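The listed protein sequences correspond, in order, to chains A and B.
Under our numbering, the very last position in the first sequence is 186; numbers go up by exactly one each time.
Under our numbering, the very last position in the second sequence is 640; numbers go up by exactly one each time.
Cβ atoms here follow ideal geometry from the backbone N, Cα and C, with glycine treated the same way.
For clarity, every value in this text was computed on a predicted model and none was experimentally measured.
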Amino acid sequence: MEKFSHTLRNFFPKPASAEVRLKDFYLGLLTSIFSLVLTFWLIPSFVSGYATGEHGLSPRFFPYLVSLTMLLLSAALMFKALRPSAEPFKKGPSRQFEPSAVICIAVFIAYQQAIAYIGFIPASFLALISLMILYGFRNWIMIVIFSAALIAILSFFFEKVAQVPLPRGLLFELWF
Amino acid sequence: VKQLEYFDIAWQAIVNYIGTYLHNFQAGISYFFTWANVAAIFGGVSIGCFFGALPGMSITMSVALTMPFTFSMEPLTAISLLLAVYVGAIYGGSISAILLNTPGTPAAACTCMDGFKLSQKGQAGKALQMANWASCVGDLVSTMIVILVLPLLAKLALFFGSPEYFALILFSITVIGGVTGDSMIKGLISGVLGFLVATVGMDPFSGAGRFDFGRLELMKGFEFVPLLIGLFAIPEVLAQLGRSRLLKGRAQITVADSEDTKDGKLTWNEFKGSFRHMLRGGIIGLILGIIPGLGATPSAFVSYERAKRSSRNPETFGNGSLEGVAAAESGNNAVNGATLVPLLTLGIPGDVITAVMLGAFMIFDLRPGPLLFIQHIDLVFGLFCALLMCDVALRIVGMLFIRYAQLITRVPTSFVFPSVAILCVFGSYAINNSIFDIFTMFIFGIVGFIMLIMGMSPIPFLIAFVLAPMLEKGLRRSLVISGGDPLVFFKSPIAIFFFVLTILAVISLTRGSLKKIKE
């Protein structure tokens, strides 16, 4: 048993820093919960279990294999994070979730929703202005000129050269 | 007499091979040399240099953002354009490395060590010219060797059946998962997640829906391009936002004095003194480029290290050595052709760029692998011509670029990254004219950002996503043929060879030796 645990300990080269270990533990926990949800709910509910042919495997075979592998890897990650080391668990200032990144994600969601209503080109124009402001650029004239020019070039290429019809939006269709 | 007969047969086989090779090359030349293809190469190298020179823009991002513009092109033109962007971006990365001490791409980090020191000494022009020459020579060396042996390797690939492909993919994902990101386990989890996402859509054998939740858009699975753009471009847009705010008012990027002294031009003796490092860098890039997951960054460092050991002036390395710039640049550019070896012969991408290339091939209904050498041999040889043309274009465009390099590296991030985000949306929409694809892109963008925070690399995710259908088919087909006997995987010597390699890779990765090469 001791030999086995020694081999297992040596499987992982060296303990990571406390901050990385905490992150890894959460990641392992999250992915193991996800793989359990997959195995016991998502796969049985949303993948057909009907097998084709005599030795055919059902469509569930591969997703089950993947979720099982994920469960094993997640357990290994948690085990690695929980290994006793000199440094105890503690929270540290690492790559924090910047508030501006949350606002940026909100802009993306609003942009995607706005395309259906105000159309692709106006939504892109507004999104570009918002993002430039979010990036800290404050010269309004430059923002408007640059945004208009970029959107005009991209729209011209995709609509006229690549023949991609860009959506006009619900408002445009109601108006005209 | 028997020995002479064997010699005759061998000689005849060589003559036949050379004859067929030359005939195919001629066909490739006539297929490639059109104005559109040549323009695509020059345009692609220029785009690549531009993107590569912008600090924060990765090579993958550059290629991914160019991809939507290729949908309306001919297959050879489109793939040539992507190849040219790839080649240009690797070189472009050296421009900001030399002038700003900020590598445009991770592969150019090694160039910083000597390039920036040379700039500080007022020899920025020399450093940039040396980087340009070394990029061309390194790439040319590896490309020439690849071109000569690739058709032979493709013949070997014909021995690959379902079990062999299964074993090979398992090996590739293990190595790629192991050498990218913080840890091997996290890399493998990333790969497994990629396999899982690829199962969304129709089952390849029965056609039954999997995880489609009754939505028509999910029936055909996630589209490759929005997923790629989301995973690689959006997290960078979000991360740069944090970085730009952190940098504001606190730190300034040091810009070297770009004014060259009178001897600003590279001399023949300086070029000659570094030539052997360029050749060696080409060979190192070739070897490391073929191994899945390694790519340009380790190649540059290994080449640099070797050059330092063999140099007559090792003390100058790190203090502004032209030999150092030559070794680093030839090493990182030499992987361009080499990474195409596993892709074109087996259909297996060795790194993220070739995964993007595979996506481009699939958009045009082409399947890289041994059959490509039979069904589309003109395209394969056309691509060889494109690779060689890239070197010519890199030399010409690269030299012109040096003049304007300073302007490009100073484009503020507040212009670059918002534009990148908008380009992502246009590109994702253009593939199917579908707003759902934009949604997919944003969702995978957020997934990619979470992965970035967690220290997980998205590279195994993307490669696993691309390879999942092949892996699943290989696995299930083998089991169906063998009547459900899992020993089928251990009957083929090639499959056993790759299983053994996988085990060796796991041991090597856990003991840290492969990781050291990567670092």
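Assumed close pair A459 of chain B, S263 of chain B - CB separation to whole angstroms, cut-off 8 Å
5 Å
Going along chain A, which residues have a C-beta under 7 Å from P539 of chain B?
L138, L141, M142, Y145
Along the chain, which unbroken stretches of the alpha helix (DSSP H) at least 4 residues long are found entirely within the segment 173-235 of chain B?
180-187, 196-221
Report yes if the CB atom of V541 of chain B is closer than 9 Å to the CB atom of C170 of chain B, and no otherwise.
no
Assuming S283 of chain B contacts R598 of chain B under a Cβ cut-off of 8 Å, what Cβ separation, rounded to an integer in Å, is found between them?
5 Å
Whose C-beta lies closer than 6 Å to the C-beta of L630 of chain B among residues of the same chain, with five residues either side of it excluded?
G299, M305
Leaving out the 5 sequence neighbours to the left and right, which residues in its chain are closer than 7 Å to R516 of chain B when beta-carbon positions are compared?
N253, C257
Measuring CB atoms only, is the segment 571-588 of chain B touching the segment 471-488 of chain B, in the sense that at least three cross pairs come out at less than 8 Å?
yes
Amino acids of chain B, ordered along the chain, whose beta-carbon sits closer than 7 Å to that of T41 of chain A:
I310
If the cut is a Cβ gap below 8 Å, which residues of chain B does Y121 of chain A touch?
V546
List the residues of chain A that F343 of chain B touches, going by C-beta distances under 7 Å, in chain order.
Within chain A, no residue comes near F343 of chain B; the closest Cβ sits about 15 Å away, beyond 7 Å.
Rounded to whole angstroms, what is the Cα-Cα separation between I119 of chain A and V423 of chain B?
44 Å
Find out if the Cβ-Cβ distance for the pair R336 of chain B, P69 of chain A is shorter than 9 Å.
no
DSSP state of M577 of chain B, grouped into three classes?
coil
Starting from V57 of chain A, find everything on chain B with Cβ-Cβ shorter than 9 Å and list it in chain order.
T320, D324, A329, G330, R331, F332
Given a threshold of 16 other Cβ atoms within 10 Å of its Cβ, counted over all protein chains shown, does R148 of chain A qualify as buried or as exposed?
exposed
Under 9 Å between beta-carbons, which chain B residues line up against Y60 of chain A? List them in chain order, please.
S327, A329
Could you check where the alpha helix (DSSP H) with W254 of chain B kicks off and where it finishes?
245-278
Strictly under 9 Å for the Cβ-Cβ distance: is M188 of chain B near chain A by that measure?
no
Using 8 Å for Cβ pairs, my map puts G84 of chain B next to L349 of chain B. What's the rounded Cβ distance?
Outside the displayed span of chain B (122 to 640) sits residue 84 of chain B, for which this structure offers no information.
Which complete alpha helix (DSSP H) runs does the segment 509-576 of chain B hold, if anything under 4 residues is left out?
534-553, 556-575
Closest Cα partner of K238 of chain B within the set B:L269, B:V446, B:S293
B:V446
Beta-carbon neighbours of N158 of chain B, restricted to chain A and to distances below 9 Å:
Those within 9 Å of N158 of chain B in chain A number zero; the least Cβ separation is about 18 Å.
Just curious, the alpha helix (DSSP H) that A354 of chain B is in, first and last residue?
Looking at the DSSP string, A354 of chain B is not in any alpha helix (DSSP H), and its letter there is neither H nor E.
Alpha-carbon to alpha-carbon, L622 of chain B and A172 of chain A:
45 Å
Using a Cβ-Cβ distance cut-off of 9 Å, determine whether I567 of chain B contacts chain A.
yes
Relative to the C-alpha of M323 of chain B, which residue among B:G363, B:G342, B:A417 is closest?
B:G342
For G330 of chain B, write down the residues that DSSP places opposite it in a beta bridge.
B:M323
Would you identify the three-state DSSP class for V376 of chain B, choosing helix, strand or coil?
Here the model assigns V376 of chain B a pLDDT of 45, short of 50, so the residue's position is not dependable and the matter cannot be decided.
Separation of F392 of chain B from F565 of chain B, as counted between CA atoms:
46 Å
Three-way DSSP call (helix, strand, coil) for V423 of chain B in this model
helix
Starting from Q123 of chain A, trace the alpha helix (DSSP H) in both directions and tell me its first and last residue.
109-128
For L46 of chain A, would you say it is in contact with chain B, using Cβ-to-Cβ distances shorter than 9 Å as the test?
no
Comparing alpha-carbon positions, which option in B:E126, B:F560, B:G312, B:I200 lies nearest C506 of chain B?
B:I200
Spell out the partners DSSP gives V346 of chain B in its beta bridges.
Looking at the DSSP assignment, V346 of chain B forms no beta bridge with any residue, so it has no partner.
Which listed residue (B:L204, B:G236, B:V208, B:L203) has its alpha carbon closest to that of S217 of chain B
B:G236
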